[in-house]
Amino acid sequence: MLILGISAFYHDSAVCLVKDGEIIFAAQEERFSRKKSDEAFPRLAIASCFKECNISIQDIDYVAFYDKPLLKFERILETYLSIAPQGFSSFIKAMPIWLKEKLWMKQILRKELGFSGPIIFPEHHQSHAASAFFPSPFSSAAFLTVDGVGEWATSSFGIGSGNVLTTLGEMHFPHSLGLLYSALTYYTGFKVNSGEYKVMGLAPYGEAKYKNLILDNLMDLKSDGSFKLNMKYFNFHKGLTMTSPAFHKLFGGNPRKPETLLAQKDMDLARSVQEVTEEVILRMVRHIHKATGETNLCLAGGVALNCVANGRILREGPFKDIWIQPAAGDAGGALGAALFTWYQVLGNQRTTKSGDSMKGAYLGPSFRDSEIERVLKKNKLKYSKLPRRELITSVSKAITSEKVIGWFQGKMEFGPRALGNRSIIGDARSPKMQETMNLKIKFRESFRPFAPAVLSEDVSEYFDLKKPSPYMLLVAQVKKKLQKKMTRKQRSLFGIDKLNVVRSTIPAVTHVDYSARVQTVDKSNLLFYKLLRDFKKRSGCGVLINTSFNVRGEPIICTPDDAIRCFIRTNIDYLVIGSFMISKADQRLLVNNTDWQKEFTLD
């Protein structure tokens, strides 16, 4: 039986294919359209799914859409009616697309897919819960889902047991931890629904000066983690912005304009909302543990991508173990909807696997060497084809020489993280590598930290972490023995001035608070694992920088063409794609060729 899961029309549209309960394929539309966080119907992702799996729509038994549009429309309509005549301009803007398109979701799905079979509509947070529990390694566990908003729910908790999810509690719109975080994201000048992770990365540069201001004025927080927002400070429920004039007055000024210089205030606000988020989540988790009696916890929803909070749940929470859906945001809703249909709707038996059933999140399209070589020849690139052992040796040597590698292998990752198949990698020991990668390759803000990829068996040698973290969703401290002692002058630095201080023997992946967002690598990704092993043998260090293969403002690459374009437009030294290794130095004549270069420049 084949079930096609779909999420679309808000942000991070995606498709997932489940075959007899096994996740076969999953990918976001943005990777194909090249529009970051693309919300459009995932036509291109679906086409890739059908091609990769050698199927057509006639083979699909069920389609599952990740939320209930009618219930969401009810919430929007009731919200506008409750605040009328306020919010009229927002109402007028929202209604046409609802009346013309979103209310007719079943018809849209049938038309887009040419599908006449049954269509299932789980609730939004049911899809999140299904994506959290069903792929997890637990036969029974509590679940917690937290995001901006689904239909009415903004968070939910309950129990997953066998093939059944039971929801025990929900918080409802407009009281939302995700929207609170997004409001501060907006106020500090970053883009809502994509810039939240920048706020998380900025937080260690600041002090929590506004934490009490948030807790005393913006929300009424209870001991169980439930809360109500004071809506006079917000505008998302009635307008086209996140915050209100009262919010701006409370925090002493208008929102920071995007792309302007970051001030210490912005860093302090980031730290404050991050600490509030962690406090809320920890209260929720403790309450859920008491209410369910479960020893394991599964997490999903956009807030579950807050890996700093996840690290605290693991260290300080009452649960024995936690598992987080790697595509925790709306993209993962497609996967959850398909699994919800297989288990909860159709009642199929569930068996657990050691680890999980996500296949390392390597669920997207892959490309054979023959396909890759055609692309290289088409673009007139000079390249070497190497046996795998020689390829690993050559790349490892290049990394020890502080070269930056574009690494393209196997199936594309599902979710927001590159996990060793669509990655840019480098030497974690290099003091200058973070700045080099941020400014000359990623073209992004200098404060942004990079993640370490570490051999799974060595993780406790480098970080205060005793369990695998294959999806880069847990933050842990760098081991004390690897940390460098700060001088008095260095300790007195504020804000962005902290950036260039070498804090450990792996400075390129050590954030200013000595933390790191860890990815553990085992033999399930054999080539990447062997590269780490070879690098360790050569350098004595089992850690590499692993960041996503893209530049700022663009999605992670998907195809060989995407990889070449990013390679040519940046200061990446080598592109390693399939069995092929391409040196930037060998392409100088081509890079200087104006006609050829036009193919690889932004419109």
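Residue numbers (our numbering): 420 to 1022. Where a beta carbon is used, it is the ideal one built from N, C-alpha and C, also for glycine.
Asked                                                                                                                                                                     : Found
Tell me the DSSP secondary structure of ASN965 in three-state form.                                                                                                       : strand
Taking the C-alpha atoms as reference points, what is the distance between GLY597 and ASP639?                                                                             : 16 Å
Cα separation between ASP1022 and SER452?                                                                                                                                 : For ASP1022, the pLDDT reaches just 30, beneath the cut-off of 50, and the residue's location in the model is therefore unreliable, although a value from the coordinates is still provided. When rounded, the distance between both Cα atoms is 15 Å.
Determine which residues share a DSSP beta bridge with LYS804 and list them.                                                                                              : PHE999
For TRP761, I'd like the list of residues in its chain whose CB is within less than 7 Å of its CB, leaving aside the five on either flank, ordered along the chain.       : ILE422, VAL437, GLY440, ASN767
From the DSSP secondary-structure annotation, give me the bridge partner or partners of THR906.                                                                           : Bridge partners of THR906: none, in fact.
The beta strand (DSSP E) with HIS930 in it runs from where to where?                                                                                                      : Run containing HIS930: none; DSSP gives neither H nor E here.
Give the list of continuous alpha helix (DSSP H) stretches no shorter than 4 residues that lie fully inside the region 842-930.                                           : 852-855, 878-881, 907-910
Return helix, strand or coil for HIS1024, following the three-state DSSP convention.                                                                                      : The shown model of the chain, from 420 to 1022, leaves out residue 1024, and the question about it has no answer.
With a threshold of 7 Å on Cβ separation, who are the neighbours of ASP687 within its own chain once the five nearest residues in sequence on each side are excluded?     : GLY625, GLU626, LYS628, TYR629
What separation, rounded to the nearest whole angstrom, lies between the Cα atoms of GLY755 and ALA548?                                                                   : 7 Å
Beta strand (DSSP E) containing CYS977: first to last residue?                                                                                                            : Where CYS977 is concerned, there is no enclosing beta strand (DSSP E), given that its DSSP letter is neither H nor E.
Looking at MET661: is its Cβ nearer than 7 Å to the Cβ of TYR605?                                                                                                         : yes
Measuring only the C-alpha atoms, how far is LYS904 from ASN840?                                                                                                          : 35 Å
Using DSSP with H/G/I as helix, E/B as strand and the rest coil, what is ASP1005?                                                                                         : helix
CA-CA distance, THR1020 and GLU520?                                                                                                                                       : Note that THR1020 has pLDDT 41, beneath the 50 cutoff, so the model's placement of it is unreliable and the number below is only indicative. Approximately 35 Å between the Cα atoms of the pair.
Within its chain, find whatever has a CB closer than 6 Å to the CB of ILE495; leave out the 5 residues flanking it on each side and keep chain order.                     : none
What does DSSP give as the partner residue(s) for PHE827 in the beta ladder?                                                                                              : ARG841, ILE996
Need the endpoints of the beta strand (DSSP E) that TYR481 sits in, please.                                                                                               : 481-484
Ignoring anything shorter than 3 residues or poking outside the region 638-695, list the beta strand (DSSP E) runs there in chain order.                                  : 638-640, 646-648
Where does ASP635 fall in DSSP's three states?                                                                                                                            : helix
What is the DSSP secondary structure of GLY751, counted as helix, strand or coil?                                                                                         : helix
What's the C-alpha gap between TYR481 and GLU449?                                                                                                                         : 24 Å
Determine the direct distance from the alpha carbon of LEU669 to that of GLN763, and round the result to whole angstroms.                                                 : 47 Å
Excluding the five sequence neighbours on either side, which residues of its own chain have a C-beta within less than 7 Å of the C-beta of ALA551, listed in chain order? : PHE562, THR564, CYS717, LEU718, ALA719, GLN744
Whole-angstrom Cβ separation of MET891 and ARG848, contact assumed at under 8 Å?                                                                                          : MET891 to ARG848, Cβ: 20 Å. No contact.
Using only alpha-carbon positions, find the residue among GLU570, ARG734, PRO554 that is nearest to TYR413.                                                               : A question about residue 413 goes unanswered here, because the residues of the chain that appear run from 420 up to 1022.
Quick test of your reading: THR577 and THR586, contact by CB under 8 Å. State the CB separation rounded to the nearest angstrom.                                          : Correcting the residue type first, residue 577 is Gly in the shown sequence and not Thr. Indeed, because the Cβ distance is near 4 Å, the residues count as touching under 8 Å.
If you draw a straight line from the alpha carbon of PRO721 to that of ALA560, how long is it in whole angstroms?                                                         : The amino acid occupying residue 721 in the given sequence is Gly; Pro does not appear at that position. If I take the Cα positions, the gap works out to 20 Å.
For PRO850, which residues in the same chain have their Cβ closer than 6 Å to its Cβ, ignoring the five residues on either side in sequence?                              : VAL921, PRO926
So SER467 is in the alpha helix (DSSP H); what residue range does that whole segment cover?                                                                               : 462-472
In whole angstroms, what is the alpha-carbon distance linking PRO461 and HIS430?                                                                                          : 11 Å
By the 10 Å Cβ neighbour count, where 16 or more other Cβ atoms means buried, how is ALA464 classified, buried or exposed?                                                : buried
LYS494 by DSSP, collapsed to three states: which one?                                                                                                                     : Here the sequence assigns Arg to residue 494, which means Lys is not the residue at that position. ARG494: helix per DSSP, three-state reduction.
Tell me whether THR1020 sits in a helix, a strand or coil according to DSSP, three-state version.                                                                         : Reliability fails at THR1020, whose pLDDT of 41 lies under 50, so the model's placement of it is uncertain and no value is given.
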